[in-house]
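So the structure is just underneath, and the comments pick up after that.
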Ligand SMILES: [Zn+2]
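Residue numbers (the working numbering): 1 to 378.
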């Protein structure tokens with residue numbers, strides 16, 4: 001690995017390199033961008049540059065960066081520090097995440113569910129660690145994952161370290177939204193924006209890592225979570241393809257169900273998917289998991305209608321396999337082209353309503369009743 005392997009994040013790399021070449025290298029950064037676009041990878045590589053014994057001008061940047069990269073620094077890749085970054089075992093690189101509470105010195109803290117990034121985790125794993133000398137001598141880097149979940153107390157505790165860290169100490173806050181952070185936190189850190197990745201890049205990446213998976217599954221993953229390698233990978237790992245097929249079958253055979261039966265089927269699928277989400281083991285609350293599993297199903301459901309719209313408007317290449325194609329034809333005989341935008345709006349409104357703590361079963365009943373009403377050829 002090297003900084004040059006970070007792809008399609010030109011703005012982020014330009015900002016990092018420009019800030020570095022200015023008089024005073026920032027000690028704190030906010031890496032802001034969607035999940036799964038490489039924020040942590042970039043954080044580790046940038047930490048590698050700051051901890052490297054002999055950072056060098058990189059002559060072999062990828063073609064997409066060559067115009068910008070004349071004086072960019074990269075880690076040397078050969079020193080002890082670089083070896084340890086590569087093997088993900090650098091003692092001065094600290095990845096801080098909310099579940100670290102399980103390793104906290106106090107039993108009370110260990111017992112808690114890690115729903116947020118608590119002040120206890122920040123005190124023990126950032127502030128106390130930053131006060132110690134680096135193991136290899138050059139400095140320390142703290143990368144805080146899901147910084148949007150830092151409590152106000154945790155952010156206030158962190159302010160002094162953000163403002164005046166010990167020499168050679170750097171902090172990188174990783175977040176999906178800097179707006180979720182206090183203004184006092186944001187004003188002390190250098191913003192680095194990361195954007196979505198191009199779909200062909202995501203599909204290439206998936207093909208390399210899942211050579212056994214049928215191509216239609218990779219395309220579904222890349223379309224369902226556009227621009228995010230991490231999220232598309234999660235779609236594959238969760239086996240959402242099976243849910244996609246089951247939903248397609250349900251829509252194709254809607255005449256066999258009454259609307260409330262269909263809603264009940266959706267609820268069962270959401271419960272099954274919820275169990276898989278629980279196995280991801282990141283201590284979300286039960287209501288969060290139920291909201292996420294239902295949300296993913298609604299996204300899959302809407303996906304069928306988007307495909308239908310594409311197919312009916314002539315973009316047939318969107319349908320990547322026979323199974324989808326057959327179900328899609330049946331669905332197309334139930335909902336006609338002119339009804340589909342309204343159907344998609346209905347599903348989208350249902351997704352949005354989940355942000356307001358609605359009763360999910362009632363929401364699903366209502367959704368399926370509306371979809372059936374919008375299906376004149378059922
Ligand atoms: Zn090095």
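The beta-carbon is built from N, C-alpha and C at its ideal position, and this holds for glycine as well.
Since we're looking at a predicted model, the values are computed, not measured.
Query, Result
"Taking the beta carbon of residue 248 as the centre, do at least 16 other beta carbons fall within 10 Å, making it buried, or is it exposed?", "buried"
"In terms of alpha-carbon separation, which member of 290, 332, 271 lies closest to residue 304?", "332"
"Locate the beta strand (DSSP E) running through residue 169, then write down its first and last residues.", "169 to 175"
"Using three-state DSSP, classify residue 141 as helix, strand or coil.", "strand"
"With DSSP as the reference, label residue 94 as helix, strand or coil.", "strand"
"State the start and end residues of the unbroken beta strand (DSSP E) segment that holds residue 103.", "From DSSP, residue 103 is part of no beta strand (DSSP E); its letter is neither H nor E."
"When DSSP builds the beta bridges, which residues end up paired with residue 31?", "174, 192"
"Flag this pair as yes or no: are the beta carbons of residue 143 and residue 40 separated by less than 8 Å?", "yes"
"In the DSSP assignment, the alpha helix (DSSP H) including residue 46 goes from what residue to what residue?", "39 to 51"
"Report yes if the CB atom of residue 292 is closer than 8 Å to the CB atom of residue 277, and no otherwise.", "yes"
"Where does residue 156 fall in DSSP's three states?", "helix"
"Could you compute how far the alpha carbon of residue 200 sits from the alpha carbon of residue 218?", "11 Å"
"Are at least three pairs of beta-carbons, each pair with one atom in the segment 15 to 35 and one in the segment 161 to 181, less than 8 Å apart?", "yes"
"Please classify residue 85 as buried or exposed, where buried requires at least 16 other C-beta atoms within 10 Å of its C-beta.", "buried"
"I'd like to confirm the pairing. Which residues does DSSP put opposite residue 359 in its beta bridges?", "The partner list for residue 359 (beta bridge, DSSP) is empty, contrary to what the question assumes."
"Do the segment 93 to 103 and the segment 139 to 155 touch if we need at least three Cβ pairs shorter than 8 Å?", "yes"
"Under the DSSP definition of a beta bridge, which residues are partnered with residue 74?", "56"
"Starting from residue 210, follow the alpha helix (DSSP H) in both directions and report where the run begins and ends.", "From DSSP, residue 210 is part of no alpha helix (DSSP H); its letter is neither H nor E."
"Can you tell which of 161, 57, 74, 310 has its C-alpha closest to the C-alpha of residue 129?", "161"
"Name the residue from 51, 123, 35, 360 whose alpha carbon lies nearest to the alpha carbon of residue 146.", "35"
"Looking at ligand 1, does it come within less than 7 Å of residue 54, judged from the CB to the closest heavy atom?", "yes"
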